[in-house]
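Asker:
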Amino acid sequence: MRINKRLILFIGIGLASLLGARGQSLPSTRLDLFSGVELNYRNIHHNNRIYDLLINLTPGIKWYLKDDWTVALQGYIPIYNQYGDHYKRVRLNMAVLSKEISGYNQYLKFSGGLFSNERYGLDVKWMFPVTSWLALDAQLGLTGFCSMAVGWESSQMKRVTGWLGTKVYLEKYNTEFRLRGGRYIYEDWGVTGECMRHFKHCTVGLYAQYSDKGKENGGFKIIMMIPPYTRKTKKVNFRPASHFRLTNNFQADPYMIRTYNTDPEENEREGYFNREKLSWGSNRMEPDFKEGGMP
3 MRINKRLILF IGIGLASLLG ARGQSLPSTR LDLFSGVELN YRNIHHNNRI YDLLINLTPG
63 IKWYLKDDWT VALQGYIPIY NQYGDHYKRV RLNMAVLSKE ISGYNQYLKF SGGLFSNERY
123 GLDVKWMFPV TSWLALDAQL GLTGFCSMAV GWESSQMKRV TGWLGTKVYL EKYNTEFRLR
183 GGRYIYEDWG VTGECMRHFK HCTVGLYAQY SDKGKENGGF KIIMMIPPYT RKTKKVNFRP
243 ASHFRLTNNF QADPYMIRTY NTDPEENERE GYFNREKLSW GSNRMEPDFK EGGMP
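Going by this note's numbering, the letters in the sequence shown line up with residues 3 to 297, in that order.
#1: Which residue comes first and which comes last in the beta strand (DSSP E) that contains Ala97?
#2: Helix, strand or coil for Asn285, going by three-state DSSP, please let me know.
#3: On a CA-only basis, which of Lys111, Phe179 and Ser156 is nearest Gly143? Give me that one, please.
#4: Kindly indicate which residue of Arg32, Gly62 and Pro131 has the alpha-carbon position closest to the one of Pro266.
#5: Give me the Cβ distance between Phe252 and Gly283, rounded to the nearest whole Å; I'm assuming they're in contact under 8 Å.
#6: Can you give me the C-alpha to C-alpha distance between Gly195 and Tyr212, rounded to a whole angstrom?
#7: With DSSP run on the structure shown, which of helix, strand or coil describes Glu40?
#8: Between the region 166 to 179 and the region 129 to 143, are three or more C-beta pairs nearer than 8 Å?
#9: Can you have a look at Tyr53 and say buried or exposed, based on whether 16 or more other CB atoms are within 10 angstroms of its CB?
#10: Check the C-beta distance from Asn95 over to Tyr122 and give it rounded, since I have them as a contact under 8 Å.
#11: In angstroms, rounded to a whole number, what distance separates the CA positions of Leu56 and Arg247?
#12: Would you be able to state if there are at least three C-beta pairs under 8 Å between the region 235 to 250 and the region 260 to 276?
#13: Buried or exposed: Val98, going by 16 or more other Cβ atoms within 10 Å of its Cβ?
#14: By alpha-carbon positions, which one of Ile81, Arg277, Arg185 and His200 ends up nearest to Tyr257?
#15: Please report the straight-line C-alpha distance between Cys148 and Leu116, rounded to a whole angstrom.
#16: Locate the beta strand (DSSP E) running through His200, then write down its first and last residues.
#17: Please return the same chain residues whose Cβ sits closer than 8 Å to the Cβ of Lys160, not counting the five positions on each side in sequence.
#18: What distance in whole Å lies between the Cβ atoms of Met287 and His200, which are believed to be in contact at a cut-off of 8 Å?
#19: Do the CB positions of Ser113 and Thr261 come within less than 7 Å of each other?
#20: Taking buried to mean at least 16 other C-beta atoms within 10 Å of its own C-beta, is Thr163 buried or exposed?
#21: From Ser37 to Gln158, what does the alpha carbon distance come to, in whole angstroms?
#22: If the criterion is Cβ atoms closer than 7 Å, does the pair Val193 and Gly183 meet it?
#23: The beta strand (DSSP E) spanning Phe147 covers which residue range?
#24: For Gly25, which residues of its own chain have a beta-carbon under 6 Å away from its beta-carbon, when the five flanking residues on both sides are left out?
#25: Which term fits Tyr154, buried or exposed, when burial requires 16 or more other beta carbons within 10 angstroms of its beta carbon?
#26: Would you mind sorting Ile81 into buried or exposed? The rule is 16 or more other CB atoms within 10 Å of its CB.
#27: Which residue or residues does DSSP assign as beta-bridge partners of Glu155?
#28: Taking the C-alpha atoms as reference points, what is the distance between Tyr66 and Val73?
#29: Curious, which full-length beta strand (DSSP E) runs of at least 3 residues does the region 65 to 95 contain?
#30: Which value, in whole angstroms, describes the spacing of the CA atoms of Val39 and Val152?
#31: If distances are taken between C-alpha atoms only, which option among Glu120, Thr205 and Val126 comes closest to Leu166?
#32: Per DSSP, Phe179 forms a beta bridge with which residues?
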C-alpha cells in the first residue's frame with residue numbers, strides 16, 4: 003500500500019503536538035469505549051426472500067486529548083450476513099486523527115486517516131454561523147480507496163470530493179433546512195435538500211437528491227440518541243454508542259451522492275463540532291447527554 007506524503011505529514015504533526023504535551027497536566031483527556039449495532043438491508047425479491055440483511059457489531063474507541071485533538075477507532079464484527087463474502091470478515095472500519103479549530107466565528111475540523119466507506123486520506127470541514135438562524139458550511143476531501151474486507155486493497159490518494167451548503171434553523175419549531183451540492187466519492191455531481199425536525203433525543207428528516215449519474219432520489223432518516231442520558235464522566239468510560247440511525251432510500255443506488263464519515267459517531271443531529279463551543283442549530287437545545295456523578 004502506498005501512503006500519501008500529505009497524510010503522513012498531517013499525522014506526524016498531530017503526533018508531535020500530542021507528544022509535546024507529555025508531562026503537562028491534561029485535564030481534558032478522556033477515553034471512551036463504546037459499541038453499537040449497524041443494521042443494513044436491501045430489497046431483492048429473489049428466491050422467496052424480500053430483503054438481504056447485514057448486521058454488524060461496531061465497537062469503537064474515542065480518545066479526547068488536549069487542544070481539541072481526538073483519536074477515533076471503529077471496527078466491524080459481522081453478526082449476520084446475507085451480503086456476501088466481501089462483508090464476512092472482522093475488520094477495521096475507521097482510524098482517524100482529528101483537530102478542531104475555532105476563531106472569528108469560523109469553525110474548522112481537520113481529519114486524517116482511515117474513514118468510513120473504505121476511504122482513507124485527508125478531510126476538512128468548515129462552518130460559519132452568519133446569524134442565529136443562518137449558517138454556511140462546506141467539506142473538502144482528498145482520498146483514496148482502502149479496504150480490509152478481503153485482504154488489503156488500496157489505491158492512491160487522488161480523489162477530490164467536496165460540497166458547499168447552507169443551513170436555516172427555526173429555533174421556535176426546532177426545525178432545520180439544509181441545501182448542499184458538490185462532487186462525491188464516485189465522481190458524480192449532485193445536490194441534496196433536507197428538512198429535519200429535532201425532538202427530545204430524536205431527529206426525523208426527509209430529503210430529496212439529484213445526481214448527474216443517479217438522477218432523482220429521496221427518502222427519510224431517523225436518528226435516535228441511545229440512553230442512558232445521564233452519564234458519569236471519568237478518565238475511562240464504557241458506554242453504548244451515542245445513537246442509532248435508520249435511513250431509507252427510494253432508489254437503492256449505492257454509488258449516488260456517496261460520502262464518508264470521519265467520526266464513528268457522526269450524525270446530522272449533533273453535527274461535526276464541539277457543541278460547547280458552537281451554539282447553533284440543535285446545539286441550542288438541551289443536550290441529550292448530561293453528566294451525573296463525580297467526574
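Glycine included, C-beta positions come from ideal geometry on N, C-alpha and C. All of these numbers come straight from a predicted model, not from anything done at the bench.
Answerer: For this structure:
#1: It spans Arg93 to Gly105 - the beta strand (DSSP E) in which Ala97 sits, taken as one unbroken run.
#2: helix
#3: Lys111
#4: Gly62
#5: Not really, about 26 Å apart at Cβ, beyond 8 Å.
#6: 9 Å
#7: strand
#8: yes
#9: exposed
#10: Not quite, the Cβ-Cβ distance comes to about 11 Å (not below 8 Å), so this is no contact.
#11: 15 Å
#12: yes
#13: buried
#14: Arg185
#15: Approximately 8 Å, taken between the alpha carbons.
#16: Trp191 to Phe201
#17: Leu144 and Gly146
#18: Between His200 and Met287 the beta-carbon gap is near 6 Å, inside 8 Å, which marks them as a contact.
#19: no
#20: Buried is the call here.
#21: 31 Å
#22: yes
#23: Leu136 to Ser149
#24: At Gly25 the pLDDT is 45, less than 50, meaning the model places this residue with poor confidence; the figure from the coordinates comes in the next sentence. Within the same chain, Gly25 has no close Cβ partners at all.
#25: Reading off the sequence, residue 154 comes out as Trp, not Tyr. With fewer than 16 Cβ atoms within 10 Å of its Cβ, Trp154 is classed as exposed.
#26: By the neighbour-count rule (16 or more Cβ atoms within 10 Å), Ile81 is not buried but exposed.
#27: Ser149
#28: 7 Å
#29: 71 to 83
#30: 22 Å
#31: Val126
#32: Val170 and Cys197
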